[in-house]
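Chains as they are written, first to last, in this note's numbering: chain A, 6 to 441; chain B, 6 to 441.
Note that CB positions come from ideal geometry on N, CA and C, so glycine has one too.
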């Protein structure tokens, strides 16, 4: 509190131009150049661009937005040994980027980055280094692209005690699940998403939840003041969701979304990234296409919702350039003490259990028995007509239970002869948003 | 750009406690004291509370959250001549508050305020004074209470070019219109709102749009970089909306909300606060109860939505305390050049026209004739069954037209003998949110 931040930038005189280097001239990098060119912010000057095989970039169409004075280079030392004031890192990954950014910070350059993995895994150390050298480290673009969740929460909700975060943090999963809601099947939609450039050739980072997990850990640091080990946050893939699950979800007045959530429970943080049933009345059910959304639930301020375009070159460039302006104007972020917290994936929630069976008498009784054995109460049993007996999908919903408790029962149930697929177990979100 | 802000706060040493005075110990003031007491932010110390008839406040239940060391006073000089670092103004109105805050700023104290009228009318001058004396002036609580729209937009969207703002900025109107949507009539709901403390005895500031107008002008400064004269922004009351309008709106897949909107059109800003028909697919249709919502539409980032509790003691206190933390940590706000802009209330939009007539042959033809005379095209004509011929409400929707053009026709139509009430003319919001 009342920390007096004296930045290296600060020592320059008031009218000096702030020199900016871009590391990476892909989709986001070229969008940043375009946004800077379109708005001509006085005092911000793009001076260097680093990229591997830089000649290919320098002669590309995207380079037309870049001033002729810019130095293009594939030698990182041209940046790190230059007099640039701010290094903008848009390359991604931990290596070699972490080392480069450490060198930049240590030599008095501020850093603006969109690198969620780097900030989730190494953010605390980098922030310390930035503080030591009295420079800025900002990463508004690392979570939810163009949606100003990080500045909104750090500057605007610092006065609250945020008890819970829930969000849709991966646009690819949201696109896939939205399309499935309209009847398409997973494999088809994934292929479309790959063709549209929404999903990578290897979609695991998105669909298995690792991308969202990194973002959730960054938000936990800012909103819950809790430093989490990303690897300790459990994830569940959306790849096992089937079209039939959307039909059953609809009967329950729900839809299905990949939800990232974290909440304080004493000294532990409960955190998880998983597909969940979401009531249609929840703001999270309203997210369309590749939209992102974050709901921060505060002790004093109640639920605050942020939503918008979470990805894409230009929305992400908005976050990068907004950070650049803040750093250039030496506007620090509110810093509150952050503690390392251990992570639990235990949530008490009602659950949705979907089975696909070769129907025989006694199946429901056996499943009910397995659930009773772990103390889980059945809330409803749903079975839609029109499916063949030999491949019958049906659903059981439970009263609030620990996921780990149910998973014990599910392991036993999965071994039953009649089970044609591994049963699916999803948490159901209960109304976190209580409109008056 | 690259302005180097040197605050008076800055000169203090790093571990010094920042002293805070509250002006006003009503609902918000006492909530601020409670939030500060609950979170015990190190380095922030509440030292003074000013209120008229202060003894009544000092002995109230709300005062129990206030540390015993606090000086209670009804003499403003006790604050202005003290060594407090930050003055928090929660009294409202222009006089005498403006003079007091000018004295505070001039004597090197930063100011945090929730006073929307003051900031809308006098914000530019106060900001200049703050800059001159190298102190902070922040007003995150002046718009949308606990929803961090101001910090989110100024720190997180500075890199975009915001073309359009639309919002639900008055919780009282939103409460009234939500209740009317469920079938209640205006007078009953207004009386309830007054009893619940959501509406004042004289509800004009809320229902006639003056409260929302001040907030819209503040947001225009931050998002559109446009300084508007609040008195030049046209307003339309929600008091003429009737239950029947919600029925017709529903037939059009819409609901009705008080919408504040502003958009750049060259060197002019089109701005208006009025009840509007909102498509049910718009995020603004989702706002419940007293919720506030702001949609900022950027050239690069697309639509960004902020929503949450816009009023009430504790949500507003969150905004105040968040500003206090930012000021105490000397975190400035991104400042971009703001220009004074003239205001137009002209929007091209489809319109909803509702008439209540003593039905006779030829009425529709006369109305259609009056509309044709000004060049307005009819899009649809709606007449619900079940109303008596001698008091028949019906609706015409038009293709996109200028409101001023339609109002000319409406003035002529209002003079027709068969008109039992002044006809109602509402703009219809067209999809500003284009989900992929």
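- Secondary-structure assignment with DSSP links residue 360 of chain B through a beta bridge to B:399.
- Between the alpha carbons of residue 189 of chain A and residue 248 of chain A lies a distance of about 7 Å.
- With its beta carbon at least 8 Å from every one in chain A, residue 259 of chain B lies outside the interface.
- Put simply, the backbone Cα of residue 362 of chain A is about 59 Å away from that of residue 109 of chain A.
- Closest option to residue 339 of chain A, judged by alpha-carbon separation, among B:393, B:201 and B:328: B:328.
- Contact check for residue 277 of chain A against residue 252 of chain A fails: the beta carbons are separated by 8 Å or more.
- The shortest CA-to-CA distance from residue 299 of chain B to any of B:173, B:192 and B:147 is the one to B:173.
- Between the C-alpha atoms of residue 121 of chain A and residue 219 of chain A there is a straight-line separation of about 6 Å.
- Residue 435 of chain A sits close to residue 354 of chain A, with the two beta carbons spaced by under 8 Å.
- Nearest C-alpha to residue 77 of chain B among B:100, B:98 and B:51: B:51.
- With the rule of 3 Cβ pairs closer than 8 Å, the segment 64-72 of chain B does not count as touching the segment 86-102 of chain B.
- About 33 Å separates the Cβ atoms of residue 273 of chain B and residue 117 of chain B, ruling out a contact at the 8 Å cut-off.
- Beta-carbon to beta-carbon, residue 309 of chain B and residue 152 of chain A are separated by about 6 Å, close enough to satisfy the 8 Å threshold.
- Residues of chain A with a Cβ closer than 8 Å to the Cβ of residue 166 of chain B are, in chain order, 43 and 44.
- Secondary structure note for residue 228 of chain A: it is in no alpha helix (DSSP H), with a DSSP letter that is neither H nor E.
- Under DSSP, residue 94 of chain B shares a beta bridge with B:28 and B:118.
- Residue pairing by DSSP puts residue 301 of chain B in a beta bridge opposite B:170 and B:309.
- DSSP places residue 147 of chain B outside any beta strand (DSSP E), giving it a letter other than H or E.
- Here residue 62 of chain B has 30 and 56 as same chain residues with Cβ atoms under 6 Å from its own Cβ, once five neighbours each way along the sequence are excluded.
- Annotation: the continuous beta strand (DSSP E) that includes residue 264 of chain A extends over 259-270.
- By the criterion of a C-beta distance shorter than 8 Å, residue 296 of chain A is surrounded in its chain by 173, 176, 179, 312, 313, 314 and 315, once the five residues flanking it on both sides are discounted.
- Legend: CB atoms of the segment 397-422 of chain A lying less than 7 Å from CB atoms of chain B are not found in any residue.
- With respect to the 8 Å criterion, residue 254 of chain B and residue 261 of chain B are classified as neighbours on the basis of their beta carbons.
- Against chain B, the beta carbon of residue 314 of chain A has neighbours under 7 Å at 306 and 307, listed in chain order.
- When C-alpha distances from residue 389 of chain A are compared across A:400, A:125, A:412 and A:380, the shortest belongs to A:400.
- DSSP places residue 280 of chain B in the strand class (E or B) of the three-state scheme.
- Judged by beta-carbon spacing, residue 229 of chain B lies within the 8 Å limit of residue 269 of chain B, meaning their Cβ atoms are closer than that value.
- The C-alpha of residue 198 of chain A lies about 5 Å from the C-alpha of residue 204 of chain A.
- Sorting A:84, A:119, A:125 and A:139 by C-alpha distance to the C-alpha of residue 111 of chain A places A:139 at the top.
- Chain order gives no chain A residues near residue 178 of chain B, where near means a beta carbon separation below 7 Å; the closest approach is about 14 Å.
- Within the same chain, 165, 166 and 168 come within 7 Å of residue 304 of chain A by CB-CB distance, once the 5 residues on both sides are set aside.
- Across the set A:125, A:39 and A:104, the C-alpha of A:125 shows the shortest separation from the C-alpha of residue 345 of chain A.
- Listed along the chain, the chain A residues whose CB falls inside 7 Å of the CB of residue 199 of chain B amount to none; the nearest CB is some 16 Å away.
- In the DSSP assignment, residue 325 of chain B falls outside any beta strand (DSSP E) and within the unbroken alpha helix (DSSP H) covering 318-333.
- Boundaries of the beta strand (DSSP E) around residue 55 of chain A: 49-55.
- Distance from the CA atom of residue 107 of chain B to the CA atom of residue 131 of chain B, rounded to whole angstroms, is 7 Å.
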